[in-house]
Amino acid sequence: MTQDPTQEDIREILQAFELSAYAHLELTVGPVQLAADRAAALPPASSPAATACVAAPLLGVFQTAAEPGAPALVELGAVVKPDTVVGFIRTLDQSTAVVAGVDGTVVDLPVPDGQFVEFGQTLLRISPSAMAAVASGRPDQRGTSP
Amino acid sequence: VTLRRVLVANRGEIAVRIIRACRNLGLETVLTVSEADRDSLPARLADRTVCIGPPAATRSYLDPRIIVAAAVGVAADAIHPGYGFLAESADFAALCGAYGITFVGPRPEQIRRMGNKLEARALARQHGLPVLPGSQRVHTSEEAAETAARIGLPVMLKAAAGGGGRGMKVVRELDQLQPMLVAAAAEARSAFGDDTIYLERYIPNARHVEVQILGDRFGKVVHLGERDCSLQRRHQKVVEEAPAPAISAALRRNIRRAAVKLAEKMGYENAGTVEFILDQDAECFYFLEMNTRIQVEHPVTEAITGIDLVEEQFRIAAGQPLRYSQDDIRFAGHAIECRITAELPHQGFRPDPGRITAWKPPEAAHIRLDSHCYAGYLVPMFYDSLLGKLIVHGDDRRQALSRMQDALARFEVAGIGTTLPFLRFVMGHPDFSAGRVNTRLVEDLIHKLPEATT
Chain A
62 MTQDPTQEDI REILQAFELS AYAHLELTVG PVQLAADRAA ALPPASSPAA
112 TACVAAPLLG VFQTAAEPGA PALVELGAVV KPDTVVGFIR TLDQSTAVVA
162 GVDGTVVDLP VPDGQFVEFG QTLLRISPSA MAAVASGRPD QRGTSP
Chain B
612 VTLRRVLVAN RGEIAVRIIR ACRNLGLETV LTVSEADRDS LPARLADRTV
662 CIGPPAATRS YLDPRIIVAA AVGVAADAIH PGYGFLAESA DFAALCGAYG
712 ITFVGPRPEQ IRRMGNKLEA RALARQHGLP VLPGSQRVHT SEEAAETAAR
762 IGLPVMLKAA AGGGGRGMKV VRELDQLQPM LVAAAAEARS AFGDDTIYLE
812 RYIPNARHVE VQILGDRFGK VVHLGERDCS LQRRHQKVVE EAPAPAISAA
862 LRRNIRRAAV KLAEKMGYEN AGTVEFILDQ DAECFYFLEM NTRIQVEHPV
912 TEAITGIDLV EEQFRIAAGQ PLRYSQDDIR FAGHAIECRI TAELPHQGFR
962 PDPGRITAWK PPEAAHIRLD SHCYAGYLVP MFYDSLLGKL IVHGDDRRQA
1012 LSRMQDALAR FEVAGIGTTL PFLRFVMGHP DFSAGRVNTR LVEDLIHKLP
1062 EATT
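Residue numbers (my numbering), protein chains in the order written: chain A, 62 to 207; chain B, 612 to 1065.
#1: So residue 1037 of chain B packs on residue 889 of chain B, CB below 8 angstroms; how close in whole Å?
#2: State the DSSP-derived secondary structure class of residue 85 of chain A, mapped to helix, strand or coil.
#3: Which runs of the beta strand (DSSP E) fall wholly inside the region 716-780 of chain B and span at least 3 residues, in chain order?
#4: If I'm right that residue 824 of chain B touches residue 871 of chain B with Cβ under 8 angstroms, what's the distance once you round it to whole angstroms?
#5: Considering only residues of the same chain and omitting the five flanking positions on each side of residue 809 of chain B, which have a CB-CB separation below 7 angstroms?
#6: For a cutoff of 8 angstroms on Cβ pairs, would you count residue 105 of chain A as touching chain B?
#7: For residue 594 of chain B, does the count of other Cβ atoms within 10 angstroms reach 16, so buried, or fall short, so exposed?
#8: Is there at least one Cβ from chain A nearer than 8 angstroms to residue 895 of chain B's Cβ?
#9: Does any residue of chain A have a CB that is nearer than 8 angstroms to the CB of residue 639 of chain B?
#10: For the alpha helix (DSSP H) containing residue 920 of chain B, name the first residue and the last one.
#11: Answer yes or no: does any C-beta atom of chain B fall closer than 8 angstroms to that of residue 121 of chain A?
#12: Using a Cβ cut-off of 8 angstroms (strictly closer), state whether residue 642 of chain B contacts chain A.
#13: Please return the same chain residues whose Cβ sits closer than 7 angstroms to the Cβ of residue 804 of chain B, not counting the five positions on each side in sequence.
#14: Does the region 130-144 of chain A come close enough to the region 157-168 of chain A to have 3 or more Cβ pairs within less than 8 angstroms?
#15: Indicate whether residue 620 of chain B and residue 712 of chain B have their beta-carbon atoms separated by less than 8 angstroms.
#16: Any idea which residues DSSP pairs residue 823 of chain B with across the strands?
#17: Quick check: is the beta carbon of residue 646 of chain B nearer than 8 angstroms to any beta carbon in chain A?
#18: Consider the Cβ of residue 571 of chain B: report whether some Cβ of chain A lies at a distance smaller than 8 angstroms.
#19: Can you have a look at residue 171 of chain A and say buried or exposed, based on whether 16 or more other CB atoms are within 10 angstroms of its CB?
#20: Please report the residue range of the beta strand (DSSP E) in which residue 1009 of chain B lies.
#21: Hey, residue 998 of chain B and residue 952 of chain B: beta-carbon distance below 8 angstroms or not?
#22: To the nearest whole angstrom, what separates the beta carbons of residue 905 of chain B and residue 920 of chain B, a pair I think is in contact under 8 angstroms?
#23: Does the region 115-129 of chain A touch the region 176-190 of chain A, meaning 3 or more C-beta pairs lie closer than 8 angstroms?
#24: Going along the region 148-173 of chain A in order, which residues come within less than 8 angstroms of chain B, judged by CB to CB distance?
#25: Within 10 angstroms of the Cβ of residue 945 of chain B, are there 16 or more other Cβ atoms? Answer buried if so, exposed if not.
#26: Buried or exposed for residue 1054 of chain B, going by 16 or more other Cβ atoms inside 10 Å?
#27: Are there 16 or more other CB atoms within 10 angstroms of the CB of residue 200 of chain A, so buried, or fewer, so exposed?
#28: By the DSSP assignment, the alpha helix (DSSP H) with residue 910 of chain B in it spans what residues?
#29: Which residues mark the beginning and the end of the beta strand (DSSP E) in which residue 182 of chain A is found?
#30: Closer than 8 angstroms by beta-carbon distance: list the chain A residues that pair up with residue 676 of chain B, in chain order.
#31: Just to make sure I have the definition right: I need the residues of chain B whose C-beta is within less than 7 angstroms of the C-beta of residue 175 of chain A. Which are they?
#32: Between residue 791 of chain B and residue 762 of chain B, what straight-line distance do the alpha-carbon atoms span, to the nearest angstrom?
#33: Rounded to whole angstroms, what is the Cα-Cα separation between residue 957 of chain B and residue 1062 of chain B?
#34: Output, in sequence order along the chain, the residues in the region 83-102 of chain A whose CB is closer than 9 angstroms to any CB in chain B.
#35: So, for residue 717 of chain B: in the same chain, excluding its five sequence neighbours on each side, which residues have a beta-carbon less than 7 angstroms away from its beta-carbon?
#36: Would residue 205 of chain A pass as an interface residue toward chain B - the criterion being a Cβ-Cβ separation below 8 angstroms?
This is the structure in structure tokens:
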């Protein structure tokens, strides 16, 4: 059984929307219809050719290779799958793998090896393959904002 | 140690406060922000920000490893934890040390000892401070009943790992003891991950009086007088004042001495607060706990002493000796602080986050406002609801109170609900102006709050 949303729920939904990267919201739950626009939102992904950004899943030092001295996991032009490991984030003494999250081709590597990155910072940009672009339609990665 | 760059690991008004102190000391500031706080006022004031995670505090402000990694990543020499979040985590303070970062606060073992209320009680008793009659850890309701019979009802159930009023229950009848014990233990387990409960005598006509102390690493300790924080709702302070009104000179002297003695005995380093319960009927006091951080209500002490406590915290953390002897510290006038929160007094103080459309605080030489709010600011729902602290100073309590009433009357906020109407009512109540306060006054006044106050 779904309960009708309370004022509190709606407030929460709107706050989550305010903090999101999306420009427009439409929602129907039971008798409640909700529509909202976010003036400050980034221009929506207009063409399927838009690149997907891989954002740092946590803060730490970005490592482009599996171990020091090893070759980089991905180079410009590399073809990646959603589960391709593109680097690691080292947070104190723990490493976390970063995956591409999308099918496509690496078109930008803005963060050099060994650089400190913040949460959500763009680590690399990927041009999604045609099939992937149709399937996703909108950027679904975190940290699509610059 | 020379400090150059500070990671300010907090948010809201205290982040603004710490950044201001850093500026006065010529220290660079890097502020940690969650995704919800990227555009906050302190984010604009800091020299730079570092985004530490999503809005949920457990994945941002409360994650010790993320905060220390941020400090290492931006090459900060020190971390100021503010209050709340990781400010009283001994493990966090130790982790800072392990990575060569100065934790602006006491040493980890001092935080740990005072963080466990049972250990703190034992330490206070060992150094000759009066503590409330009570128990060690109680394991069963039979054990609790025995203790209650020995010390007499009502009793207070408390979580050993407690803080912020959680896990605390007053038991007035013996048949409530068992269910309350279960409830307190459950609350303590979920809030602190530790369900250790002990009993203390409950003082009905009590005041909450606390002493601000500063200690350096050379063993010198001074006090900066006391604050009365009796006005509380659900064990959360609402109004604080300094000095404590209507107590005898002897009692005031003894409380201050007791606090200094405890801090001296443990070689306490940095700013701390020793809290006491004052039994107004018996005219005596008992050690309650020690808070090993800067406190929300520190501005009232600053107002009557002229000493910037946050700046002193940095000097002490950098290894400098205290610049004051006890005789150098002079007290002038009276100060009152009101905590303004985004809560609806008429709806059981339900939090009311949202966008502030108007924010017009009163301004005058005797008014200080510590706040991160402004017109257009979106109060996030993810954190506590403190919007700001209004502090006034006067030559005496009467003048301070009339200035507070005037300041509250002129404070305009729109867009969200606030506790301003309730604060106006409390500050205008004859019991407060007469100094007839105790820890139950606020709860009593809530029921008398006129429906029409706006």
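Note that CB positions come from ideal geometry on N, CA and C, so glycine has one too. Every value quoted in this text rests on a predicted model; they were computed, and no experiment measured them.
Inspection of the coordinates gives the following:
#1: Within the second sequence, residue 1037 of chain B is the residue found at index 426, counting from 1. Within the second sequence, residue 889 of chain B is the residue found at index 278, counting from 1. Contact doesn't hold; Cβ gap of about 20 angstroms is too wide.
#2: Translated into the one-based positions of the first sequence, residue 85 of chain A becomes position 24. Correct three-state label for residue 85 of chain A: strand.
#3: 766-770
#4: Stepping through the second sequence from its first residue, residue 824 of chain B is reached at position 213. Stepping through the second sequence from its first residue, residue 871 of chain B is reached at position 260. So it is a contact: roughly 6 angstroms between Cβ atoms.
#5: Within the second sequence, numbered from 1, the residue matching residue 809 of chain B stands at position 198. Hits under 7 angstroms: 729, 745, 746, 747, 748, 749, 769, 771.
#6: Residue mapping note: residue 105 of chain A aligns to position 44 of the first sequence, counting from 1. Legend: pLDDT at residue 105 of chain A = 46, less than 50; position of this residue unreliable, no value from coordinates given.
#7: Here chain B comprises residues numbered 612 to 1065, so residue 594 of chain B is not present and cannot be evaluated.
#8: Position 284 of the second sequence, counted from the start, is the residue given in the question as residue 895 of chain B. No, residue 895 of chain B lies away from the interface with chain A (no Cβ there is under 8 angstroms from its Cβ).
#9: Within the second sequence, numbered from 1, the residue matching residue 639 of chain B stands at position 28. No - not a single Cβ of chain A is within 8 angstroms of the one on residue 639 of chain B.
#10: Against the second sequence, residue 920 of chain B aligns to sequence position 309. Residue 920 of chain B -> alpha helix (DSSP H) spans 920-928.
#11: Within the first sequence, residue 121 of chain A is the residue found at index 60, counting from 1. Yes, because at least one Cβ of chain B sits closer than 8 angstroms to the Cβ of residue 121 of chain A.
#12: As a first step, residue 642 of chain B must be located in the second sequence, where it is residue number 31. So, not an interface residue.
#13: Counting from one through the second sequence, the residue named residue 804 of chain B turns up at place 193. Closer than 7 angstroms at the Cβ level, and outside the excluded window around residue 804 of chain B, lies no residue.
#14: yes
#15: The residue given as residue 620 of chain B occupies position 9 in the second sequence. The residue given as residue 712 of chain B occupies position 101 in the second sequence. Against a cut-off of 8 angstroms, the Cβ pair of residue 712 of chain B and residue 620 of chain B comes out as no contact.
#16: Numbered from its first residue, the second sequence carries residue 823 of chain B at position 212. Answer is B:884.
#17: Taking the second sequence and counting its residues from 1, one reaches residue 646 of chain B at position 35. Judged by the 8 angstroms Cβ criterion, residue 646 of chain B is in contact with chain A.
#18: With chain B covering 612 to 1065 only, the question about residue 571 of chain B has no answer from this structure.
#19: Translated into positions along the first sequence, residue 171 of chain A becomes position 110. Result: exposed.
#20: Position 398 of the second sequence, counting from 1, holds the residue named residue 1009 of chain B. Segment 1008-1021 is the alpha helix (DSSP H) holding residue 1009 of chain B; no beta strand (DSSP E) there.
#21: Walking along the second sequence from the start, residue 998 of chain B turns up at place 387. Walking along the second sequence from the start, residue 952 of chain B turns up at place 341. Yes. Within cutoff.
#22: Taking the first residue of the second sequence as position 1, residue 905 of chain B is located at position 294. Taking the first residue of the second sequence as position 1, residue 920 of chain B is located at position 309. Confirmed, about 6 angstroms.
#23: yes
#24: So the close ones are 152, 153, 155.
#25: Numbered from its first residue, the second sequence carries residue 945 of chain B at position 334. It is buried - the Cβ of residue 945 of chain B has at least 16 other Cβ atoms within 10 Å.
#26: Counted from its first residue, the second sequence places residue 1054 of chain B at position 443. When all chains shown are included, residue 1054 of chain B counts as exposed.
#27: Within the first sequence, the letter at position 139 stands for residue 200 of chain A. Only weak support is given to the placement of residue 200 of chain A: the predicted model assigns it a pLDDT of 42, under 50, and the value that follows is read from those uncertain coordinates. By the 10 Å Cβ count, residue 200 of chain A comes out buried.
#28: Locating residue 910 of chain B in the second sequence gives position 299, counting from the first residue. 909-916 is the extent of the alpha helix (DSSP H) around residue 910 of chain B.
#29: In the first sequence, counting from the first residue as 1, residue 182 of chain A sits at position 121. Run containing residue 182 of chain A: none; DSSP gives neither H nor E here.
#30: Start at 1 with the first residue of the second sequence, and residue 676 of chain B comes out as number 65. Here the neighbours are 152, 153, 155.
#31: Counting from one through the first sequence, the residue named residue 175 of chain A turns up at place 114. Chain-ordered listing is empty here: chain B has no CB closer than 7 angstroms to the CB of residue 175 of chain A, the nearest sitting near 11 angstroms.
#32: The sequence position of residue 791 of chain B within the second sequence is 180, counting from 1. The sequence position of residue 762 of chain B within the second sequence is 151, counting from 1. Rounded to whole angstroms, residue 791 of chain B to residue 762 of chain B spans 17 angstroms at the Cα level.
#33: Within the second sequence, the letter at position 346 stands for residue 957 of chain B. Within the second sequence, the letter at position 451 stands for residue 1062 of chain B. A straight line joining the alpha-carbon of residue 957 of chain B with that of residue 1062 of chain B spans about 7 angstroms.
#34: none
#35: Locating residue 717 of chain B in the second sequence gives position 106, where the first residue counts as 1. Only 879, 880, 881, 883, 903 meet the Cβ criterion.
#36: As a first step, residue 205 of chain A is located in the first sequence; it is residue number 144 there, counting from the start. With a pLDDT of only 35 at residue 205 of chain A, under the threshold of 50, the placement of this residue in the model should not be trusted; the figure read from the coordinates follows. By this cut-off, residue 205 of chain A is not an interface position.
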